[in-house]
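Position in the sequence shown (first residue = 1) + 3 = the numbering used here. Virtual Cβ for every residue (Gly too), placed ideally from N, Cα, C. Keep in mind that this is a model prediction, so the values were computed, not measured. Data block below; observations after.
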Amino acid sequence: MQHDYLQKAIRFADQATTEDKAHNYEAAAQHYMTAADWLMQAMKYGALNVQMKQVIRPKVESYLRRAEEIKEVL
4 MQHDYLQKAI RFADQATTED KAHNYEAAAQ HYMTAADWLM QAMKYGALNV QMKQVIRPKV
64 ESYLRRAEEI KEVL
């Protein structure tokens, strides 16, 4: 189950960075938010160990921060 959450998060994060680089900021922000959501689901429902959670938490924060930065300029 955790694998599904993480795979979805990775897919949306990849889409977010692609859209961000292409200056499609609205789509990028949405994908960053979705990636963060999937990572939070993985932390909540996945059987992740402490080290994995410590790796994931900063990613969630960075995706949310970037989404907010984008939304501020749109």
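Can you tell me where the alpha helix (DSSP H) holding residue i begins and where it ends?
{"i": "H26", "result": "From DSSP, H26 is part of no alpha helix (DSSP H); its letter is neither H nor E."}
{"i": "L67", "result": "53-76"}
Measure the alpha-carbon distance for residue i versus residue j and round it to whole angstroms.
{"i": "A12", "j": "I73", "result": "19 Å"}
{"i": "T21", "j": "M36", "result": "14 Å"}
{"i": "S65", "j": "Y48", "result": "21 Å"}
Consult DSSP for residue i and reduce its assignment to one of helix, strand or coil.
{"i": "A31", "result": "helix"}
{"i": "K50", "result": "Per the sequence shown, residue 50 should be read as Ala rather than Lys. A50 falls in the coil class under three-state DSSP."}
Leaving aside the five residues before and after residue i along the sequence, list all residues of the same chain whose C-beta is less than 6 Å from its C-beta, in chain order.
{"i": "Q44", "result": "Y8"}
{"i": "H6", "result": "none"}
Considering only residues of the same chain and omitting the five flanking positions on each side of residue i, which have a CB-CB separation below 8 Å?
{"i": "L42", "result": "Y8, L9, A12, I59, K62, V63, Y66"}
Looking only at its chain, what residues have a beta carbon closer than 7 Å to the beta carbon of residue i, apart from the 5 residues adjacent to it on each side?
{"i": "L77", "result": "Y28, E29"}
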